[in-house]
Each structure stands twice: as C-alpha cells, then as structure tokens.
Amino acid sequence: MDPSSPHAARLLPSDLRLIYDKVLAQERVTEREALLLFRHNDLNALGLIANVIRNRKNGNMATYIRNLYVNYSNLCILSCQFCAFSAKKRDPHAFELSIEQIADKVKVGLGQGITEVHMVGGLHPTLPGSWYIELLETLRALSPDLFLKAFTAVEIRHLAERIFKKSVAETLGLLRDAGLGAITGGGAEIFDPEVRDRICRGKETAEEWAEVHEIWHGMGMRSTATMLFGHVETLEQRVDHLRRLRDLQDRTGGFTAFIPFAFVPETTDLAHIPPTTAADELRTLAVSRIYLDNFEHITAYWISFGLPLASLALNYGVDDLHGTIMEEKIFHMAGAKTPIAQSQAAFEKAIREAGRLPVPRDTYYRKLAPVASGSVVSA
Ligand code: SF4
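Listed below in structure tokens is the structure:
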C-alpha cells in the first residue's frame with residue numbers, strides 16, 4: 457500500500473494523524489512528538505509513517521555494501537562498561553594484527569568483490585602514528601577502487617592527542633592523505649553525559665564526538681552516525697541523542713546515514729540488563745526515520761538485529777542493510793548470535809522478500825551496478 461494514500465491515513469490511530477500530516481507536508485516533527493512515537497505501541501502505524509519518508513527519499517530500493525570488517529587490535533586504554541571487545545596486554549583475548557596480516561585479509565576480500573574495508577580498533581596504547589599511516593597506504597595500494605572507512609571519532613581523538621600529538625584537523629588531514637576515505641560513526645553510544653558516565657566513563661563527550669565529525673565534514677568528507685540503545689538510557693535520552701544528530705546534520709550535511717545498534721549485554725559488565733526486543737528495535741528504527749528528516753539513509757545493522765528483523769525493517773523506514781562483513785568481533789564478543797558474514801545472494805533474497813529492490817552501494821551510499829549474485833563471502 458502507498459503510505460501516502462488517503463486510504464493509508466484512515467488506518468492510523470487518531471493521536472498519530474497530526475504527525476502523519478506533518479510528515480506528508482515535509483514538516484519536521486518535534487522532540488515531544490518523537491517521544492510520543494517512542495511510547496506508541498501501534499508499530500504498524502509507526503512503520504507506515506516512516507515509510508512515507510523512506511519511499512520519498514529512496515523509492516523502493518534497498519541497498520547493501522560488499523564490505524570487509526577488520527578489527528586491527530582490541531588493546532584499549534579504556535574499559536567501557538558496555539564493551540566486551542577491549543583487552544589489556546596480558547588478557548588472553550588480546551590481539552593485534554600486523555599490517556601484513558590485515559593486507560592478506562583485504563586481498564582475500566578483494567578477490568570476493570568487496571568495495572570497502574571498514575576498520576576500527578581499541579585505543580591502542582603504543583602503536584606509533586607511522587603504523588596507521590603505513591596501514592592506510594598499504595591498503596590504498598592494493599586497489600584504486602577500494603574505499604577505506606576507518607576509525608571512530610574516539611580513535612581519532614586518541615590518535616590526535618596521544619599518538620600524533622597534533623590537532624584533530626591535522627591528524628585527520630594526515631590520515632586522509634594516506635588514504636582514509638570516511639570515518640565511522642562509532643563511539644556515539646548515547647550522548648547524554650549521565651548515561652556516558654554509567655556505560656563508558658572516561659570516553660570522549662558528545663561535544664568532542666561531534667567536533668571530530670564536524671571538522672571531517674568541513675574537509676569535504678563524509679561519515680555515518682550511530683546510537684547504541686537498549687541499556688540504561690531513557691526514551692528522553694534517545695530523543696536527545698537524535699536531536700543532537702539532527703542539529704549537527706543541519707550544520708554540516710556530512711552524514712551519509714544513521715545506524716542505530718541494539719545493545720548486546722551478554723558478556724559485558726552490564727549483563728544484568730535484558731536484551732532489547734524486536735518491537736523496540738523496529739520502533740527505534742521507525743522513529744529515527746521519522747525524526748531525522750535530514751538524513752538520506754537509515755541502516756538496519758543486521759549484525760546487531762539479525763538479518764530477518766533487518767529485512768522486516770525495510771518496511772519500517774529502513775532503506776539499507778549494511779554490508780556482507782566477513783568478520784565481526786565487537787558484537788560477537790559481547791554475545792551476539794548472528795552470523796559473521798552474509799552472502800550477496802542472502803541479502804538479495806531478504807530484500808526481495810520484503811518487497812524491495814536490492815541494489816549494491818558504495819561507502820557514500822551511491823548505487824553500484826550489480827555483480828554476479830551468489831558469491832558467498834565467508835570468514
Ligand atoms: S568501546 Fe571502544 S573505547 Fe570503549 S573500551 Fe571498548 S574498544 Fe575501548
């Protein structure tokens with residue numbers, strides 16, 4: 457059904473009609489309205505409203521990217537309470553890949569048709585700045601078509617302040633010149649300072665996270681934005697997070713997409729927190745689509761939600777399923793039960809069964825020509 461049709465409007469509960477009319481008229485919803493949406497239990501109505509924007513911006517297309525995740529090391533000077541990934545040097549699960557090992561993984565990925573490497577790690581205490589430059593230059597030299605998306609804003613600040621000992625702008629300039637094409641959206645968690653104090657004490661503030669992205673966007677570059685939800689935050693704090701992102705996007709226009717993650721508590725210090733429900737995940741994706749009117753794309757990260765729910769979300773405002781991802785550690789070390797890779801064929805099937813048209817994309821969400829389907833990407 458066309459979510460913009462008069463027939464669709466008749467299916468909505470009366471308390472959502474005003475928001476629906478605003479969305480149809482391309483007017484912004486307020487934070488108060490976003491909160492009302494978060495508290496609403498008519499999920500299908502939320503999906504219908506979200507799909508007005510989703511279809512306006514992206515038609516019937518649903519994208520995915522052929523990519524490879526690499527975690528170069530989990531050594532980290534911080535110990536965020538929600539994180540099961542990080543390690544100290546003597547921990548049995550600590551790891552650190554050499555540039556050669558990373559390059560070997562990327563070569564395998566290139567043979568399987570990847571167009572992007574997505575690379576993040578902990579805040580490594582000792583790797584020198586030259587290591588990061590050499591890493592980017594080595595990967596850059598493997599293929600002129602390979603896009604390097606790497607480092608969270610937290611890693612960038614760590615590199616700037618403790619490793620390069622230069623300003624954020626100078627550090628980003630060095631990394632860009634070595635081949636960095638985009639920075640990742642990680643490290644945002646929930647922006648509210650009280651929440652940060654409870655789940656990631658000592659980590660950069662919301663303002664510091666935003667500053668890195670703002671500087672990067674000012675250099676003509678793009679990045680994604682994220683939110684880790686479903687732990688100790690309130691719905692008001694989720695809305696506050698979205699508000700800050702919408703304001704920043706108004707200023708820079710540099711975010712390609714919003715990617716919310718559902719918290720996986722299992723092996724973390726916050727294991728007592730129950731995992732998120734499918735209803736909460738779909739609702740969060742739909743409300744994000746409705747509220748973030750200046751974001752072109754909403755991605756359902758299947759590693760966190762599972763591919764079945766992520767494909768269902770294509771009718772709750774989502775237009776992108778993220779990537780094939782040959783290897784994932786951060787969510788799986790926290791207890792995620794999802795696989796670590798998806799084939800292109802699996803993506804295409806999931807998207808078609810949701811009634812959408814599958815289209816491969818690049819890092820900047822530009823559509824790419826399809827390649828032979830069925831090339832299984834596996835670890
Ligand atoms: S979330 Fe990032 S910064 Fe925090 S402990 Fe884990 S790896 Fe380190």
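When you line the sequence shown up against our numbering, it's residues 457 to 835, in that order. Think of the CB as a built atom: it goes at the ideal place given N, C-alpha and C, for glycine as much as any other residue.
Got a sec: does ligand 1 put a non-hydrogen atom nearer than 7 Å to the Cβ of Leu579? Closer than 7 Å to some heavy atom of ligand 1: that describes the Cβ of Leu579.
Taking contact to mean at least 3 C-beta pairs separated by less than 8 Å, is the segment 573-587 in contact with the segment 613-628? yes
Run of the beta strand (DSSP E) containing Glu572, from where it starts to where it stops: 572-576
Exposed unless 16 or more other CB atoms sit within 10 angstroms - verdict on Pro469: exposed
Could you say if the segment 711-730 and the segment 487-495 meet the contact criterion of at least three C-beta pairs nearer than 8 Å? no
By DSSP, does Thr732 sit in helix, in strand, or in coil? coil
Whole angstroms are fine: how far does the CA of Thr794 sit from the CA of Val833? Its pLDDT being 33, under 50, Val833 is placed unreliably in this model, and the coordinates cannot settle the point.
For the beta strand (DSSP E) holding Lys805, just list the boundary residues, first then last. No beta strand (DSSP E) contains Lys805, which is instead part of the alpha helix (DSSP H) from 800-809.
Check this for me: beta carbons of Phe803 and Tyr520, under 8 Å apart or not? yes
What did DSSP end up calling Arg817 once you bin it into helix, strand or coil? strand
Buried versus exposed, by CB contacts within 10 Å (16 or more), Gln557: exposed
Length of the line joining the Cα atoms of Asn514 and Ala769: 14 Å
contact_flag[the segment 544-559, the segment 804-812] where n(CB pairs < 8 Å) is 3 or more: No, because fewer than three Cβ pairs between the segment 544-559 and the segment 804-812 fall closer than 8 Å, the two stretches do not touch.
Cβ pair count under 8 Å reaching 3, the segment 678-688 against the segment 559-570: As far as the Cβ criterion goes, the segment 678-688 does not touch the segment 559-570, which means the pair count is below three.
Could you say which of Ile786, Leu777, Ala792, His753 lies nearest to Ser522 if we only look at CA atoms? For the record, residue 522 in the displayed sequence is Arg; it is not Ser. Answer by Cα proximity: Leu777.
For Met789, the first and last residue of its enclosing alpha helix (DSSP H): 786-789
Please determine if the segment 741-750 and the segment 503-514 are in contact, where contact requires at least 3 C-beta pairs separated by less than 8 Å. yes
Just grab the DSSP bridge partners of Met683 for me. Pro716
Phe607: beta carbon under 7 Å from a heavy atom of ligand 1? no
Is it right to say Gln798 is buried, meaning 16 or more other beta carbons lie within 10 angstroms of its own, or is it exposed? buried
Specify whether the segment 522-536 and the segment 493-502 touch according to this definition: at least 3 beta carbon pairs, one from each stretch, less than 8 Å apart. no
What are the start and end residues of each continuous beta strand (DSSP E) run of 3 or more residues lying completely inside the segment 596-667, in chain order? 603-606
Compute the Euclidean distance between the alpha carbons of Val573 and Leu636, then round it to the nearest angstrom. 10 Å
Taking only the alpha-carbon atoms, compute the straight-line gap between Ser460 and Pro600 and give it to the nearest angstrom. 43 Å
Return helix, strand or coil for Thr794, following the three-state DSSP convention. coil
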